[in-house]
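Novice: Per UniProt numbering, residue 1 is the first one in the sequence shown, and the count goes up by one each step. We put the beta carbon where it would ideally sit given N, CA and C, even for glycine. Sharing a structure, written as structure tokens. Questions coming.
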Amino acid sequence: MTHALISQAQIDAFQRDGVIVIKGLFADHVDTLRAGVDRNMADPGPYASENLISGEKGRFFDDYCNWHRIPEFETVIRDSPAAEVAADMMQSQSTQLFHDHVLVKEPGTSKPTPWHTDGPYYFVQGTQTVSFWSPLDPVTQASLRCVAGSHKWPKPVLPTRWLSETAFYADEDTYMPVPDPDAMGMDVREWAMEPGDAVAFNYHILHGARGNDAATRRRAFSLRLLGDDARYTTRPGPTSPPFPGHDMQQGQRLRTDWFPEIFRR
Numbered sequence: 001m002t003h004a005l006i007s008q009a010q011i012d013a014f015q016r017d018g019v020i021v022i023k024g025l026f027a028d029h030v031d032t033l034r035a036g037v038d039r040n041m042a043d044p045g046p047y048a049s050e051n052l053i054s055g056e057k058g059r060f061f062d063d064y065c066n067w068h069r070i071p072e073f074e075t076v077i078r079d080s081p082a083a084e085v086a087a088d089m090m091q092s093q094s095t096q097l098f099h100d101h102v103l104v105k106e107p108g109t110s111k112p113t114p115w116h117t118d119g120p121y122y123f124v125q126g127t128q129t130v131s132f133w134s135p136l137d138p139v140t141q142a143s144l145r146c147v148a149g150s151h152k153w154p155k156p157v158l159p160t161r162w163l164s165e166t167a168f169y170a171d172e173d174t175y176m177p178v179p180d181p182d183a184m185g186m187d188v189r190e191w192a193m194e195p196g197d198a199v200a201f202n203y204h205i206l207h208g209a210r211g212n213d214a215a216t217r218r219r220a221f222s223l224r225l226l227g228d229d230a231r232y233t234t235r236p237g238p239t240s241p242p243f244p245g246h247d248m249q250q251g252q253r254l255r256t257d258w259f260p261e262i263f264r265r
């Protein structure tokens with residue numbers, strides 16, 4: 001039996017396209033997440049970033065890996081249906097927490113989120129992965145945009161630094177250049193969304209977002225989860241998030257004291 005929030009047709013679509021939308025996944029937890037974002041922005045962690053260069057208007061804040069110090073995030077991670085729904089979608093017997101991520105675009109922030117895939121930044125290999133991106137404000141033009149099927153491309157997309165636009169790793173030949181999905185006519189999926197809805201996408205889906213020209217904020221909470229086949233893998237340089245001192249070796253399951261198992265059938 002799958003969770004009531006998701007159907008077999010949605011699971012099939014996720015396996016095929018690598019991205020779907022799930023209505024109301026965090027609907028009962030929106031206020032808690034908003035409080036957590038407020039706490040996070042008032043007390044940023046060591047990885048917090050302001051993603052605008054001099055002269056760009058608005059504010060684009062992001063931060064990650066804060067669930068262990070922001071109680072609102074841990075409550076939602078453990079009490080929401082996200083972990084069980086993730087297991088259904090990944091066709092996994094278990095769900096393991098990788099990390100949380102907050103992204104806030106204040107009104108009048110024209111800067112887009114660059115096209116990228118998360119997988120190459122991470123020290124994770126495996127097919128059973130899912131990220132949930134959930135807006136905490138109604139969104140239309142500032143919603144997440146994903147290229148359906150891109151998780152099955154033969155080469156990973158080159159990871160880059162968002163501000164400098166330089167390559168994250170030196171061995172660029174391993175990767176394909178970041179494409180322009182709109183110019184190339186790719187199958188870009190996006191949805192108008194209400195607070196608590198969630199886009200669910202595989203770690204290797206190409207995705208981005210437009211700027212926020214609306215008069216309201218665009219707060220989003222993301223949750224990165226892993227399934228049974230996820231394993232540690234080395235990369236050509238420091239990963240993002242880096243998790244210094246993790247002491248894991250190639251092919252190991254991610255250590256559960258740092259990356260707890262939050263659901264098992």
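Considering Cα atoms alone, identify which of Ile262, Arg253 and Asp257 is closest to Phe123.
Specialist: Measuring from the Cα of Phe123, the nearest candidate turns out to be Arg253.
Novice: Excluding five sequence neighbours on each side, which residues of the same chain lie with their C-beta closer than 7 angstroms to the C-beta of Phe263?
Specialist: Only Ala83, Glu84, Ala87, Ser94 and Thr95 meet the Cβ criterion.
Novice: Between Glu74 and the rest of its own chain, which residues show a CB-CB distance below 6 angstroms, the 5 nearest in sequence each way excluded?
Specialist: Contacts found: Trp67.
Novice: Can you grab the Cα-Cα spacing for the pair Pro181 / Gly18, in whole Å?
Specialist: In a straight line, the C-alpha of Pro181 is about 16 angstroms away from that of Gly18.
Novice: To the nearest angstrom, report how far apart Pro71 and Gln250 are at their CA atoms.
Specialist: Cα to Cα, Pro71 sits roughly 32 angstroms from Gln250.
Novice: Can you list the beta strand (DSSP E) stretches of 3 or more residues lying completely in the stretch 58 to 95, in chain order?
Specialist: The qualifying runs are 60 to 64.
Novice: Going along the chain, which residues of its own chain have a beta-carbon closer than 6 angstroms to the beta-carbon of Leu97, five neighbours each way excluded?
Specialist: Cβ neighbours of Leu97 beyond the five flanking positions: Phe259, Pro260 and Ile262.
Novice: Looking at C-alpha atoms only, which residue of Ile20, Lys57 and Asp228 is the closest neighbour of Met193?
Specialist: For the residues Ile20, Lys57 and Asp228, the minimum Cα distance to Met193 belongs to Ile20.
Novice: Would the beta-carbon of Ala209 fall within 7 angstroms of that of Thr140?
Specialist: Not a contact, by the Cβ cut-off of 7 angstroms.
Novice: Start and end of the alpha helix (DSSP H) containing Ala9?
Specialist: Taken as a continuous stretch (DSSP letters only), the alpha helix (DSSP H) holding Ala9 covers Gln8 to Asp17.
Novice: Output the distance between the C-alpha atoms of Asp228 and Gln128, rounded to the nearest integer angstrom.
Specialist: In a straight line, the C-alpha of Asp228 is about 7 angstroms away from that of Gln128.
Novice: Roughly how many angstroms lie between the CA atoms of Ala167 and Thr239, to the nearest whole one?
Specialist: If I take the Cα positions, the gap works out to 12 angstroms.
Novice: Quick check on Leu163: buried or exposed, where buried means 16 or more other Cβ atoms within 10 Å of its Cβ?
Specialist: Leu163 is exposed by the Cβ-count criterion.
Novice: Exposed or buried, Ala230, counting other C-beta atoms within 10 Å across all chains shown (16 or more means buried)?
Specialist: By the 10 Å Cβ count, Ala230 comes out buried.
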